[in-house]
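Asker: Residue numbers (my numbering): 36 to 248.
Beta carbons are placed, not taken as given, at the ideal position from N, Cα and C, and that holds for glycine.
(1) Mind checking residue 50: buried by the 16 CB within 10 Å criterion, or exposed?
(2) Once DSSP output is grouped into helix, strand and coil, what is the label at residue 213?
(3) Drop a sphere of 10 angstroms on the beta-carbon of residue 120, count the other beta-carbons inside from all chains shown, and report buried for 16 or more, exposed for fewer.
(4) For residue 82, tell me which candidate among 65, 129, 72 and 231 has the shortest Cα-Cα distance.
(5) If you reduce the DSSP assignment to three classes, tell me which class residue 150 lands in.
(6) Would you tell me roughly how many angstroms separate the C-alpha atoms of residue 188 and residue 215, rounded to the nearest one?
(7) Please state if the CB of residue 137 and the CB of residue 76 are separated by a distance shorter than 8 Å.
(8) In chain order, what residues of the same chain have a beta carbon less than 8 Å from the beta carbon of residue 248, not counting five sequence neighbours either side?
(9) Ordered along the chain, which non-local residues of its own chain (more than five positions away) have a Cβ less than 7 Å from that of residue 158?
(10) When you compare each of 235, 226 and 231 to residue 113 by their alpha carbons, which one comes out closest?
(11) I need the straight-line Cα distance from residue 230 to residue 86, nearest angstrom please.
(12) What residue range is occupied by the uninterrupted beta strand (DSSP E) comprising residue 219?
(13) Could you tell me the distance, in whole angstroms, from the CA atom of residue 168 to the CA atom of residue 233?
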């Protein structure tokens with residue numbers, strides 16, 4: 036399925052979204068099978084969460100215990116651990132801004148992966164500066180610089196703008212994969228759905244090489 040010009044895939048995501056964690060495996064599949072160039076973009080999924088996050092029990096009351104079981108199964112089928120913080124769903128806003136700070140230094144993907152692992156594999160609270168500091172340091176960057184710039188609000192606008200752009204294009208849930216700037220695939224869909232989407236985008240590119248022209 037790979038071949039031809041690189042397929043650019045933008046993925047809007049939020050760290051506390053379990054399907055976004057599964058989306059990491061889908062992104063790797065797109066890289067491997069379609070030669071995709073992946074760009075992760077921030078989406079503030081729960082701006083209503085208080086700074087300390089919410090009790091996990093509250094989330095289960097909202098969606099029911101079956102969601103927990105189904106997401107665990109989906110994660111394990113993708114070869115990913117499913118071990119979120121047992122007591123709390125963090126407010127992810129600080130983590131999103133830290134990742135944008137890292138993007139400005141050419142290290143977004145490394146920090147992005149570490150934050151995902153910290154939450155979904157290690158069960159840590161990614162709203163906690165100590166946890167985010169570890170993620171930044173693991174990418175070879177200075178946690179003190181990250182904290183001072185993020186706390187000063189230097190990356191609020193970047194997260195807000197990315198979220199607003201997605202919403203203007205009708206994206207209300209994540210992960211949201213936009214292939215080639217032409218086709219939206221919503222959610223961590225099975226590989227075969229992405230395979231069909233890749234072929235459709237390539238057909239569209241042959242029919243109209245300049246989308247929106």
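Answerer: Walking through what the data contain:
(1) Label assigned to residue 50: buried.
(2) In the three-state scheme derived from DSSP, where H, G and I count as helix and E and B as strand, residue 213 is classed as strand.
(3) By the beta-carbon neighbour count (other beta carbons within 10 angstroms, threshold 16), residue 120 is buried.
(4) Comparing C-alpha distances from residue 82 to each of 65, 129, 72 and 231 shows the shortest one belongs to 129.
(5) Helix at residue 150.
(6) Rounded to the nearest angstrom, the gap between the Cα atoms of residue 188 and residue 215 is 32 Å.
(7) No, the Cβ-Cβ distance between residue 76 and residue 137 is not below 8 Å.
(8) Legend: pLDDT at residue 248 = 37, less than 50; position of this residue unreliable, value from coordinates given subsequently. Counting only Cβ-Cβ distances below 8 Å, and skipping sequence neighbours, we find nothing.
(9) So the qualifying residues of the chain are 118, 119, 120 and 121.
(10) The shortest Cα separation from residue 113 among 235, 226 and 231 belongs to 226.
(11) The straight-line gap from Cα to Cα measures roughly 39 Å.
(12) DSSP places residue 219 in the uninterrupted beta strand (DSSP E) bounded by 218-221.
(13) In this structure, the alpha-carbon of residue 168 lies about 37 Å from that of residue 233.
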